[in-house]
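**Student:** Heads up: the sequence shown begins at 1 in full-length UniProt numbering, then just goes up one per residue.
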Amino acid sequence: MEICTRAYDHPDSAKLIAELQQVFVVRYGEQDATPVDPAQFAAPLGHFVVGYLDGVPVACGGWRAHDVADGSIRVGDAEIKRMYTADSLRGKGLARVVLAGLETAARVAGRRRMVLETGLRQPEAIGLYESSGYRRIDNFGVYRHHPESLCYAKDL
1 MEICTRAYDH PDSAKLIAEL QQVFVVRYGE QDATPVDPAQ FAAPLGHFVV
51 GYLDGVPVAC GGWRAHDVAD GSIRVGDAEI KRMYTADSLR GKGLARVVLA
101 GLETAARVAG RRRMVLETGL RQPEAIGLYE SSGYRRIDNF GVYRHHPESL
151 CYAKDL
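1) Kindly indicate which three-state DSSP category residue 112 falls into: helix, strand or coil?
2) Note down, in chain order, each residue of its chain lying with its Cβ closer than 8 Å to the Cβ of residue 1, except the 5 sequence neighbours on either side.
3) Do residue 118 and residue 89 have their CB atoms nearer than 9 Å?
4) Are at least three pairs of beta-carbons, each pair with one atom in the segment 127 to 141 and one in the segment 36 to 44, less than 8 Å apart?
5) Please report the straight-line C-alpha distance between residue 156 and residue 108, rounded to a whole angstrom.
6) Should residue 131 be labelled buried (16 or more other beta-carbon atoms within 10 Å of its own) or exposed?
7) Assuming residue 155 is part of the beta strand (DSSP E), what are its boundary residues?
8) By alpha-carbon positions, which one of 8, 123, 102 ends up nearest to residue 80?
9) Could you pull the DSSP bridge partners for residue 70 from this structure?
10) Return helix, strand or coil for residue 78, following the three-state DSSP convention.
11) Quick one: residues in its chain with C-beta nearer than 6 Å to the C-beta of residue 154, no 5 flanking neighbours on either side, listed in chain order?
12) So, helix, strand or coil for residue 57, using DSSP?
13) CA-CA distance, residue 35 and residue 124?
14) Assuming residue 65 and residue 78 make a contact with CB atoms under 8 Å, what is their CB distance in whole Å?
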């Protein structure tokens, strides 16, 4: 898979994010309404990538910086958002490649820890994060009181 840095609102990013939102509709009955500004994923305070197989966008993910402490969020954290792999390619390690690249980019940008939210109805994501060294933390932000949310962190 070729990994390319893309804007959050690049057409290939938007295509994959729309597919991800449909996964949320199927699993949760609605799209993820987390407030997201595409500018948050631009360097130096963010990063977004798209993975391609034979020129076709098949995976994506990004991070955005947090520089204000808020509950379990610490100054210097980077929050992973919009991790997704096309359904037909799940289980082939593509998400793990995207995740490792995001961690490296965040570390190079001076971020100290990765944080993320996933949901109880996303066992594939839970398995990926836990097997990659992420550990549960208190829910944060808009997920603070959401009963189906699980938040994780990993020191970089």
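Positions of the beta carbon are idealized from the N, C-alpha and C atoms, including for glycine.
**Tutor:** Once the coordinates are examined:
1) Look at residue 112 here: in three-state DSSP terms it is coil, with no helix or strand label.
2) 51, 52, 53, 58, 59, 94, 97, listed in sequence order.
3) The answer is no: Cβ separation not under 9 Å.
4) Judged by Cβ distances under 8 Å, the segment 127 to 141 makes no contact with the segment 36 to 44, as fewer than three pairs qualify.
5) In this structure, the alpha-carbon of residue 156 lies about 10 Å from that of residue 108.
6) The residue is exposed, with fewer than 16 neighbouring Cβ atoms inside 10 Å.
7) Residues 149 to 155.
8) Considering only alpha carbons, the answer is 102.
9) As a beta-bridge residue in DSSP terms, residue 70 pairs with 73.
10) When secondary structure is reduced to three states using DSSP, residue 78 falls in the strand class.
11) Closer than 6 Å at the Cβ level, and outside the excluded window around residue 154, lie 114, 133, 134.
12) In the structure shown, residue 57 adopts extended strand secondary structure according to DSSP, grouped into three states.
13) Rounded to whole angstroms, residue 35 to residue 124 spans 24 Å at the Cα level.
14) For a cut-off of 8 Å, the C-beta gap from residue 65 to residue 78 is around 6 Å, short enough to register as a contact.
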